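Novice: Heads up: the sequence lines are chains A and B, in that order.
Take the first sequence: its position 101, counting from 1, is numbered 101 in the working numbering, and each next residue is one higher.
Take the second sequence: its position 378, counting from 1, is numbered 747 in the working numbering, and each next residue is one higher.
Glycine included, every Cβ here is placed at the ideal spot set by N, Cα and C.
Bear in mind the structure is a predicted one, so any value in this text is a computation, not a measurement.
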Amino acid sequence: MKVILLAENLQRKISFLNHVVPSRSQLPILSNVLLEAEKGKLKISATDLELGMVTLVSANVGEEGAITVPAKIFSDLSLNIKEGKISIETSGTNILLKAPGVEATLQTMPSEEFPKIYKEKGDIFIKIKKEVLEKEVSRIAFSAAQDGGRPSLSGVLVRQDKDGLTMVATDGYRLSLRRNLAVLSGKDQSSSVLVPAKVFKELLAIKEDEDDVTVSISKNTNQIIFSQGETVLVGRLIEAEYPPFEKILPTSHSTTVSFERAKLLSAVKICSVFARDTANIVKFSIGKNKMVVSANTPSVGENKADVEAKTEGEENEIAFNARYLLDLLGNIDDEDLVFEMTGPLNPGVFKIKDNPYFLHLIMPIRVQG
Amino acid sequence: MEQDLNKLWQTVLGEVEMEVSRANFLTLFKPTMLLSLNETTATIAAPSSMIIDLLQRRFYQIIKKTINKLSKKNVEILFVPKNVVGLKEDAPGPLFLEPEKKSIPVGHLPRVRTEYTFENMAVSTSNQLAYVSATTVAKKIGQVYNPLFIYGPVGVGKTHLMQAIANDVYINNPNSKIAYITSEEFTNEVVEAIRTNSTSAMKRRFRGLDLLIIDDIQFVAGKEKVQEELFHTFNILVDNGSQIVLSSDRPPSEIKKVEKRLLSRFSGGLTVDIESPDFELRTAILLIKAKKYGFELNIEIAKRIAEKDLDGRSLEGLLLRVITRTNAKGGEPTDEILNDALDSKKEEDGNSFHPDDIIKNVCAFYRVKPTQIRGEKRNSSLVKARQVAMYLLKKELGLTFVEIGNLLGGRDHTTIMYGFNKIEGLLKTTRLSEEILGIKGGAGGKHMEY
Numbered sequence: 001m002k003v004i005l006l007a008e009n010l011q012r013k014i015s016f017l018n019h020v021v022p023s024r025s026q027l028p029i030l031s032n033v034l035l036e037a038e039k040g041k042l043k044i045s046a047t048d049l050e051l052g053m054v055t056l057v058s059a060n061v062g063e064e065g066a067i068t069v070p071a072k073i074f075s076d077l078s079l080n081i082k083e084g085k086i087s088i089e090t091s092g093t094n095i096l097l098k099a100p101g102v103e104a105t106l107q108t109m110p111s112e113e114f115p116k117i118y119k120e121k122g123d124i125f126i127k128i129k130k131e132v133l134e135k136e137v138s139r140i141a142f143s144a145a146q147d148g149g150r151p152s153l154s155g156v157l158v159r160q161d162k163d164g165l166t167m168v169a170t171d172g173y174r175l176s177l178r179r180n181l182a183v184l185s186g187k188d189q190s191s192s193v194l195v196p197a198k199v200f201k202e203l204l205a206i207k208e209d210e211d212d213v214t215v216s217i218s219k220n221t222n223q224i225i226f227s228q229g230e231t232v233l234v235g236r237l238i239e240a241e242y243p244p245f246e247k248i249l250p251t252s253h254s255t256t257v258s259f260e261r262a263k264l265l266s267a268v269k270i271c272s273v274f275a276r277d278t279a280n281i282v283k284f285s286i287g288k289n290k291m292v293v294s295a296n297t298p299s300v301g302e303n304k305a306d307v308e309a310k311t312e313g314e315e316n317e318i319a320f321n322a323r324y325l326l327d328l329l330g331n332i333d334d335e336d337l338v339f340e341m342t343g344p345l346n347p348g349v350f351k352i353k354d355n356p357y358f359l360h361l362i363m364p365i366r367v368q369g
Numbered sequence: 370m371e372q373d374l375n376k377l378w379q380t381v382l383g384e385v386e387m388e389v390s391r392a393n394f395l396t397l398f399k400p401t402m403l404l405s406l407n408e409t410t411a412t413i414a415a416p417s418s419m420i421i422d423l424l425q426r427r428f429y430q431i432i433k434k435t436i437n438k439l440s441k442k443n444v445e446i447l448f449v450p451k452n453v454v455g456l457k458e459d460a461p462g463p464l465f466l467e468p469e470k471k472s473i474p475v476g477h478l479p480r481v482r483t484e485y486t487f488e489n490m491a492v493s494t495s496n497q498l499a500y501v502s503a504t505t506v507a508k509k510i511g512q513v514y515n516p517l518f519i520y521g522p523v524g525v526g527k528t529h530l531m532q533a534i535a536n537d538v539y540i541n542n543p544n545s546k547i548a549y550i551t552s553e554e555f556t557n558e559v560v561e562a563i564r565t566n567s568t569s570a571m572k573r574r575f576r577g578l579d580l581l582i583i584d585d586i587q588f589v590a591g592k593e594k595v596q597e598e599l600f601h602t603f604n605i606l607v608d609n610g611s612q613i614v615l616s617s618d619r620p621p622s623e624i625k626k627v628e629k630r631l632l633s634r635f636s637g638g639l640t641v642d643i644e645s646p647d648f649e650l651r652t653a654i655l656l657i658k659a660k661k662y663g664f665e666l667n668i669e670i671a672k673r674i675a676e677k678d679l680d681g682r683s684l685e686g687l688l689l690r691v692i693t694r695t696n697a698k699g700g701e702p703t704d705e706i707l708n709d710a711l712d713s714k715k716e717e718d719g720n721s722f723h724p725d726d727i728i729k730n731v732c733a734f735y736r737v738k739p740t741q742i743r744g745e746k747r748n749s750s751l752v753k754a755r756q757v758a759m760y761l762l763k764k765e766l767g768l769t770f771v772e773i774g775n776l777l778g779g780r781d782h783t784t785i786m787y788g789f790n791k792i793e794g795l796l797k798t799t800r801l802s803e804e805i806l807g808i809k810g811g812a813g814g815k816h817m818e819y
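#1: Take tyrosine 324 of chain A as the anchor and find which of A/Asp76, A/Glu312, A/Ile281 has the nearest alpha-carbon.
#2: Strictly below 9 Å CB to CB, what residues from chain A border threonine 396 of chain B?
#3: For the segment 581-614 of chain B, which segments carrying the alpha helix (DSSP H) assignment without a break, of at least 4 residues, lie completely within its bounds, in sequence order?
#4: Evaluate the contact criterion for the segment 245-254 of chain A versus the segment 59-76 of chain A: three or more CB pairs, one atom per stretch, below 8 Å.
#5: With which residues is aspartate 306 of chain A paired in a DSSP beta bridge?
#6: Give me, in chain order, the residues of the same chain whose beta-carbon lies closer than 7 Å to that of isoleucine 95 of chain A; leave out the 5 immediate sequence neighbours on both sides.
#7: Distance check for valine 492 of chain B and leucine 821 of chain B, CA to CA, integer angstroms please.
#8: Could you name the residues of the segment 421-455 of chain B whose beta carbon sits closer than 9 Å to any beta carbon of chain A, in the order they occur along the chain?
#9: For glutamine 223 of chain A, return the contacting residues in chain B, with the cut-off set at a CB-CB distance below 7 Å.
#10: Name the DSSP beta bridge partners of aspartate 212 of chain A, please?
#11: Can a CB atom of chain A be found closer than 9 Å to the CB of glycine 511 of chain B?
#12: Any beta carbon from chain A within less than 9 Å of valine 475 of chain B's own beta carbon?
#13: Classify phenylalanine 487 of chain B as helix, strand or coil using the three-state DSSP reduction.
#14: Following the continuous beta strand (DSSP E) through asparagine 536 of chain B, name the residue where it begins and the one where it ends.
#15: So what does glutamine 160 of chain A bridge to, in DSSP terms?
#16: Could you give the DSSP three-state label for leucine 249 of chain A: helix, strand or coil?
#17: Quick check on this structure: which residue in A/Leu328, A/Pro115, A/Lys39, A/Pro244 has the alpha carbon closest to the alpha carbon of alanine 46 of chain A?
#18: Does DSSP put valine 444 of chain B in a helix, a strand or coil?
#19: Keeping to the same chain, check which residues put their C-beta closer than 7 Å to that of phenylalanine 448 of chain B; ignore five residues upstream and five downstream.
#20: By the DSSP assignment, the alpha helix (DSSP H) with methionine 832 of chain B in it spans what residues?
#21: Give the secondary structure of serine 299 of chain A by DSSP, where H, G and I count as helix, E and B as strand, and everything else as coil.
#22: I need the DSSP call for arginine 690 of chain B, collapsed to helix, strand or coil.
#23: Let me confirm a value: aspartate 76 of chain A is counted as buried when at least 16 other C-beta atoms fall within 10 Å, else exposed. Which label applies?
#24: Would you identify the three-state DSSP class for methionine 387 of chain B, choosing helix, strand or coil?
#25: For a cutoff of 9 Å on Cβ pairs, would you count arginine 574 of chain B as touching chain A?
#26: Could you check whether the Cβ of proline 724 of chain B sits closer than 9 Å to any Cβ belonging to chain A?
#27: Could you check which residue in A/Gly52, A/Ser58, A/Leu34 has the C-alpha nearest to that of lysine 41 of chain A?
#28: Give, in chain order, every residue of the segment 113-128 of chain A whose Cβ lies closer than 9 Å to some Cβ of chain B.
#29: Looking at chain B, is there any beta carbon in it that lies within less than 9 Å of the beta carbon of alanine 279 of chain A?
#30: At which residues does the alpha helix (DSSP H) containing alanine 262 of chain A begin and terminate?
#31: Helix or strand or just coil, what does DSSP make of glutamate 701 of chain B?
#32: The beta strand (DSSP E) with aspartate 642 of chain B in it runs from where to where?
#33: For my contact list, valine 54 of chain A and lysine 72 of chain A are in at a C-beta cut-off of 8 Å; report their separation, rounded to the angstrom.
#34: Using alpha carbons as the reference points, say which of B/Gly779, B/Gly521, B/Asp585 lies closest to arginine 740 of chain B.
#35: Within 9 Å of any Cβ in chain A, is that where the Cβ of alanine 503 of chain B sits?
#36: Beta carbon of glutamate 308 of chain A, beta carbon of lysine 290 of chain A: below 9 Å?
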């Protein structure tokens, strides 16, 4: 194998391909990336056996071939080369990497040991603008469960409905929902898939010039395949029943509060200092045209922060885990938000003003007094 | 069928493990399962198509060879992408609980009696500290004293206090996951889980709790597996910020045959004791209990009953007797009724012994071991103890000589007859009767429960 490519082209790809390489793997081959030189491109692949990524870099291919190299060393090396051409060629069982003023020899492992990341792209599920997807995913994916105890909740449900795409994520304590999301094209019949939340995280990391993302589903391999420009991200679909989230969406409320995101965020941040030792509980007290956020720890002290707000309906109190509030307020960038609630025991609902399609539910914490 | 497949596959994996590297085995083979096997094809599930790719390209022959050898068939291997590990889902979380469930009031906690609340508990100096700690814990589960360890003798209200915590937490948040359990029930759960191979389900059940209450924890003594389970459950619950409440008849430092690491966990929070109720508290308990039974108890009568130095439970028994007798006669409880009830209480106590209790008490009195009493040795002190036991078993429980013979290590009924007559004779001439009374006194005392 022999290729010559531009440092900056390689660096751009390496920066997001790196995420996929497992930091610790029992299988040595997974700590490597696969380099394949063919038809004017260098193809680089990385996988942790669940997720996989394949990306193409334009290259001058002198001799076709395939080899794997240690990912960490390869990326550290490439990212530190200032600019100019890099040449990579095999020499015996090593590869020789040359750049202006740099010459390095890397150990390799045979390409046959590296798993094939995908065999087929399957059927196209949807096409969507990356920008749109990015915005929605960041508002939703953080609500998915982090632990493995409930496989279905570790995913984001993506469902094709008549009037657009529905995306849901929940960990059983909070839930994010987006409805009626416009797509560029999609299948006519309704269908749904459960996508691991971390696949979306990797998707957002991809930087390509091309702005459209094509999402395909391969039934045979049970994979979801995102293609953007010259990069392909492959994830495993979750086969599990998703809980009936539609049943728990509140249909009415008795209190409405309109406020600015940044103001609530800073109030919650301040109060969470005092909530650290008391299971992170912060309380909202909703009165006439103001909302007071408070927290107390008997042995430390207490504090209150007023949030300017417009309120309608009953005066009310409700307590939440501050972490859930910070997650929500940190992951959406719209400034005008609305909070709705019925009572201290029913889930609180956060909405974006004038956006009827997004909502976020948080289960309250029952507190004394 | 499924089990056979699973067994076969485990055997296959066992052989494969010898032939491939450990890393390959753990990452590629461990998460697989044999889904079906017919004359031509073995279908194997693996969690991702990348794993399938590696299995297919690099290990196909090993798998095929091993399956064919073990199943005595000639099959080809077909891989399908399917996640087989962790198929069972935990409950999806509080958001998805039925809203109706949220409004259920008190009274639906298994094993917990609704009448045991903080409000109807009589508090005095002997149990004040325990009471305050319990109410604090109920208000702030997992945040203050974790674990709360309550100890004290029988009938002082440990169970009342612990169930009151459960009820209080439940009223304030019907969604909290609460378990009230005795250590015997915990033991049974562990044993049952091991028997039915469902330990992970049991673990999930206990480790997802907000509040775990275990009564009479001293009974885990000597049960290693149970202690180990308890230890891990304990750590996970405390880490999750869940509350643990334990009770025992003695402080952690005096519990024997329990691992040190577990004991140190027991005393890691707050340890409080409840003393036997004093006279005032006994009177108060009587008044509260009488009210519960809808009976107007005169405070003078209550004092008279409370003068008997009894634990809470026996007091209640005595009170019930007074109430039934009074109701039968009509009018106010009289001294006569009271004395009557006290007498019959003694009789009942006498009859409620278990043969083992008698043997234990005899042993305790003469400082010998039950195994010695049942054994063959015949030194004079042993013989005496043995014969006293024979006498008491006959006299107090009315057992037949044959039964007593069986109880005492399979002795002949004539031996028992001889022993019984011997003691009866001695009672007339010696001071043995005092010893017998001493033994019976011990047997009627507070610690007869175990």
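Specialist: In short, the structure shows the following:
#1: A/Ile281
#2: Ser25, Gln26, Leu27, Leu30, Leu49
#3: 593-608
#4: no
#5: A/Val292
#6: Ile67, Val69, Ile88, Glu89, Leu106, Thr108
#7: No answer is possible for residue 821 of chain B: it lies beyond the span of chain B, which begins at 370 and ends at 819.
#8: Ile421, Asp422, Leu423, Arg426, Arg427, Val449, Pro450, Lys451, Asn452, Gly455
#9: Ser418
#10: A/Lys129
#11: yes
#12: Bear in mind that the predicted position of valine 475 of chain B carries a pLDDT of just 43, short of 50, making it too unreliable to give a figure here.
#13: coil
#14: Careful: asparagine 536 of chain B lies outside any beta strand (DSSP E), inside the alpha helix (DSSP H) at 527-541.
#15: A/Leu165, A/Ser191
#16: coil
#17: A/Pro115
#18: coil
#19: Ile413, Ala415, Ile421, Leu424, Gln425
#20: For residue 832 of chain B there is no data in the structure shown, the boundaries of chain B being 370 and 819.
#21: coil
#22: helix
#23: exposed
#24: helix
#25: no
#26: no
#27: A/Ser58
#28: Glu113, Phe114, Pro115, Lys116, Ile117, Tyr118, Lys119
#29: yes
#30: 261-275
#31: coil
#32: 639-642
#33: Valine 54 of chain A to lysine 72 of chain A, Cβ: 19 Å. No contact.
#34: Note on identity: in this sequence residue 740 of chain B is threonine, with arginine being the wrong assignment. The shortest Cα separation from threonine 740 of chain B among B/Gly779, B/Gly521, B/Asp585 belongs to B/Gly779.
#35: no
#36: yes
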